[in-house]
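S.K.: Sending over a structure as structure tokens; questions will come in a sec.
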Amino acid sequence: MESIKTYKSNLDTLFNPKSVAVIGATENVKKWFGFNITKNVLDSTIQKKFLVNKSGKKVFGLDTYKNIRDVSDPVDTAIIVTPSPGVPEVMEDCAEKKIKTVVIITAGFKEIGEDGEGLEKETIGIARANGIRFVGPNCTGISNTHSNLNISPWPLPQKGYVSFVSQSGNLGGYIINRGRREGIGFSKFTSGGNEADLNFVDYLEYLGEDPNTKVIIAYVEGLKEKEGHRFIGVAKEVTKKKPVIVLKVGRTGSGSKAAKSHTGSLAGSDSVYDAAFKQAGVLRVEKIEDLLDVAAAFTSQPIPRGKNVGVLTSGGGFGVVIADACEKLHLSLPTLSPRTVEEINDILPSRWPHANPVDMVGGVVGLKMYQIIEALFRADEIDGITTAGGIGYSHSAAELGEIGRLIERMKEHKKPFFPSVVSGEEVVKAIRKKGLSTYDTPERAVEVLSYLVKYGEYLRRSL
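According to the numbering used here, the sequence shown holds residues 1 to 463 in order.
So this is what it looks like as structure tokens:
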């Protein structure tokens, strides 16, 4: 059995190679995967890069080798983008070259049926006989922004501290590209593909120890057979240190069938997955956009100490909507303490409802709103704050300054802040520049906040 030290060393080599070889390198733009991966590897910060193409012709003006065995230097990681029938032979060549980590981009294995399954088994056999660990097949590769490594067809993500494991290559690319648009930084990305060797649990365990990973998100179609108990054990250890957010698909019979045909994954009973996630402290989300929205909140917001939410709105209707959302998601709207009520009395007209949600009666907004938010931050009965409307109404330079002070109060009091229905593009930009998200609807703000509350409750139970 592979030792933990050796296993971690192999994954370190995958994400931080000193030398790589692209087998099947091409400058033919019609070969989309091969073209983009070759280009991205050449653009990566790697000490030595080797291109292998059986024709021996130059690629992007660079010399190529006809076979990986012809490379005289040591190679840490090989990337295979050749047609599937020839992959076992290429793996034999990698074994002879003493390469210990491989990324198999090529599709046409277990996911296509019996013929492909035979090729996959042959490839696994060669790898195991020679101590090779590999990603894929049928994947879109890996990236590591902290070492400027890009073994994928997508542009390198913005640098950050969210690591992403996806059992779908194309969905992974979509999330990466959407994250770039929304200013969310990534650390490591892995497209597991068929997970014939390295699998989701392996990546989870590695990322749990990775100092450049603060939040882990994953798109999961299913775990490998007999990996369930290991998953729970690994996830329990990881979630004590950092949040793990999973979009597990296949809830329905149709979805489960689609997952199996996509990567050949073992979809399994959805209720079993639900129970395993809850036991291990994994946060299960329902929608693709949840992965990024919840991850962004964890990278910028403090974990709430409880589930008591302070609400401030520019009108009563928003307050009703938020109250319904909080009850649905098992969050509480506590009664405001006499001290908090007294503070707000000094800010708002006497006709304000003297209750939570705090309604800024009659459109009383502007900079007074920030005074109320600060009062809620100081309130012992409040664990987190959400607002709907009001912010951005004044369109003034003074308001931009108030936003900066508000962020400081959030950090000082260690209470998350979720603003929704923010007015004014400049104000939205100012908030996002400080690392916080804004939300189009109050329900969305409450929904994302609820995941932080769940994680905080899990941590307190685990200690």
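Backbone N, C-alpha and C define an ideal beta-carbon position, used for all residues, glycine too.
Looking at the unbroken alpha helix (DSSP H) that takes in ILE37, where does it start and where does it end?
M.R.: Per DSSP, the continuous alpha helix (DSSP H) segment holding ILE37 begins and ends at 32–43.
S.K.: Does DSSP put THR299 in a helix, a strand or coil?
M.R.: For THR299, the secondary structure class from DSSP, reduced to helix, strand or coil, is helix.
S.K.: Count the other CB atoms, across all protein chains shown, that sit within 10 Å of the CB of LYS415; report buried if there are 16 or more and exposed otherwise.
M.R.: Flag for LYS415 reads buried.
S.K.: If contacts are defined as beta-carbon pairs under 8 Å, then ILE382 and PRO419 qualify, I think. What distance do you get, rounded to the angstrom?
M.R.: With 8 Å as the limit, ILE382 and PRO419 do not qualify as a contact, their Cβ atoms being about 15 Å apart.
S.K.: Along the chain, where does the alpha helix (DSSP H) that runs through TYR451 open and close?
M.R.: 442–462 is the extent of the alpha helix (DSSP H) around TYR451.
S.K.: Pairs of beta-carbons, one from the segment 439–448 and one from the segment 401–409, closer than 8 Å: are there three or more?
M.R.: The segment 439–448 is not in contact with the segment 401–409.
S.K.: Tell me which same chain residues have a C-beta within less than 6 Å of the C-beta of ALA379, skipping the five on either side of it?
M.R.: THR340
S.K.: At what residues does the beta strand (DSSP E) containing ARG178 begin and finish?
M.R.: Per DSSP, ARG178 belongs to no beta strand (DSSP E); it is in the alpha helix (DSSP H), 169–181.
S.K.: Which residues bound the alpha helix (DSSP H) around THR520?
M.R.: Absent from the structure is residue 520, since the part of the chain shown begins at 1 and ends at 463.
S.K.: Around the C-beta of LYS100, are 16 or more other C-beta atoms found within 10 angstroms, so that it is buried, or is it exposed?
M.R.: buried
S.K.: From the DSSP output, read off the bridge partner residues of LYS49.
M.R.: Beta-bridge partners assigned by DSSP to LYS49: VAL20.
S.K.: Could you give the DSSP three-state label for ASN148: helix, strand or coil?
M.R.: coil
S.K.: Indicate whether VAL162 and VAL215 have their beta-carbon atoms separated by less than 8 Å.
M.R.: yes
S.K.: Under the DSSP definition of a beta bridge, which residues are partnered with GLY310?
M.R.: Partner(s): ILE385.
S.K.: In three-state DSSP terms, what is ALA164?
M.R.: Reading off the sequence shown, one finds Phe at residue 164, where the question assumed Ala. Strand.
S.K.: Roughly how many whole angstroms lie between the Cα atoms of SER84 and LYS242?
M.R.: 38 Å
S.K.: Which residue or residues does DSSP assign as beta-bridge partners of ARG133?
M.R.: THR101
S.K.: If you draw a straight line from the C-alpha of GLN371 to the C-alpha of VAL421, how long is it?
M.R.: 19 Å
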